[in-house]
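Here our numbering is used: the first residue of the sequence shown is 7, the next is one more, and so on.
Note that beta-carbon positions come from the ideal geometry of N, C-alpha and C, so glycine has one too.
Structure, as structure tokens:
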Amino acid sequence: MKCIIVDDEPLARRAMEFLIDESSGLELAGQFPDAVSAGNFMKNTDVDLVFLDIKMPGINGLEFAKTIPEKTLVVFTTAFAEYALDSYEVDAIDYLVKPVEKEKFDRAVTKALSYRKLFDSMDASDGIETLSKEYMYVKSERRYYKIMFSELLYIEGLKDYVILHLPDKKIITRKNLKTIYDILPGELFLRVNKSYIVNTEKIDSFYNNDIFIGRAEIPIGHSYRDNVFSRLLSGVE
7 MKCIIVDDEP
17 LARRAMEFLI
27 DESSGLELAG
37 QFPDAVSAGN
47 FMKNTDVDLV
57 FLDIKMPGIN
67 GLEFAKTIPE
77 KTLVVFTTAF
87 AEYALDSYEV
97 DAIDYLVKPV
107 EKEKFDRAVT
117 KALSYRKLFD
127 SMDASDGIET
137 LSKEYMYVKS
147 ERRYYKIMFS
157 ELLYIEGLKD
167 YVILHLPDKK
177 IITRKNLKTI
187 YDILPGELFL
197 RVNKSYIVNT
207 EKIDSFYNND
217 IFIGRAEIPI
227 GHSYRDNVFS
237 RLLSGVE
């Protein structure tokens, strides 16, 4: 998978370069000190994954991420943990705090590789085909999958696509998150930030900032928090 580094700090770029060189699934196509030079490179070169700093002079990482092609994946790398929630507003697949730990880097790369495989398997006609109170049929990879709402853990939005997370697999299809949220049974599903919808019956635990479903840690968006807590704590004495 072809990747680039965008970071204004030379030492941070060198550290990321070392991690990428150690990863068998990645090919480093370039590294850039600012968004403008990275953007010019991407006009002529296809890039699968961008390791992107947030706080940079000129165009910051959050602004630049909004201009990146829809099938190019973004992993933010920054020294500022408080930007984590903002990263989900621009459909980043992961968020790494500097200094980046190898274990967390490897986990982000594994996720990126699996998502790249999902994107590559997509067909132009993919989408939601039929819907009932208990299930929906989703066309993905030229097949029709019957998705029982009771089995769906959570749904992740990436621009004009959604990834349906089930206990034993992930399914990607062409649909934006708002559209799919509007057709889901409202008594079961809850939108918790710009990029995630969760099945409330699958929540293992939650606290002020995050919801946990299995191994997934899903942040609660600032503008969604009151509604999320009201919904989850309704009826709790």
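7 Å Cβ shell around residue i - same chain, five flanking residues per side excluded
i    : result
P16  : none
Y141 : K152, I153, M154, F155
K110 : L102
L25  : V106, K108, F111
Three-state class that DSSP yields for residue i in the structure shown
i    : result
S211 : strand
R19  : helix
I178 : strand
E189 : Sequence inspection shows Ile at residue 189; the Glu mentioned does not correspond to that position. Looking at I189 - three-state DSSP - the assignment turns out to be helix.
L239 : coil
T84  : strand
T51  : coil
D232 : helix
L196 : strand
D27  : helix
G67  : helix
G227 : coil
K184 : helix
Sheet register partners of residue i (DSSP bridge)
i    : result
I60  : Answer by DSSP bridge pairing: none, since I60 is not bridged.
E33  : K8
A222 : I219
E162 : I169, Y202
L79  : L55
F38  : V12
D100 : V81
Sequence-distant residues of the same chain with beta carbon closer than 6 Å to residue i, five excluded per side
i    : result
S211 : F218
K8   : E33, A35, V53, D54
E223 : D216
F38  : V12, A44
E147 : S127
E28  : none
Cutoff 8 Å; reference residue i; Cβ partners in own chain excluding five residues on either side
i    : result
A114 : V81, I99, D100, L102
I209 : I217, F218, I219, L238
Y230 : R197, V198, N199
Using 8 Å as the threshold, is the region 60 to 72 in touch with the region 16 to 29, meaning 3 or more CB pairs across them?
no
Any chance you could list the alpha helix (DSSP H) runs of at least 4 consecutive residues sitting entirely within the region 103 to 160, in chain order?
108 to 126
Should the region 106 to 122 be regarded as contacting the region 187 to 199, the criterion being three or more beta carbon pairs within less than 8 Å?
no
Quick one: any contact between the region 56 to 67 and the region 141 to 157, if contact means 3 or more CB pairs under 8 Å?
no
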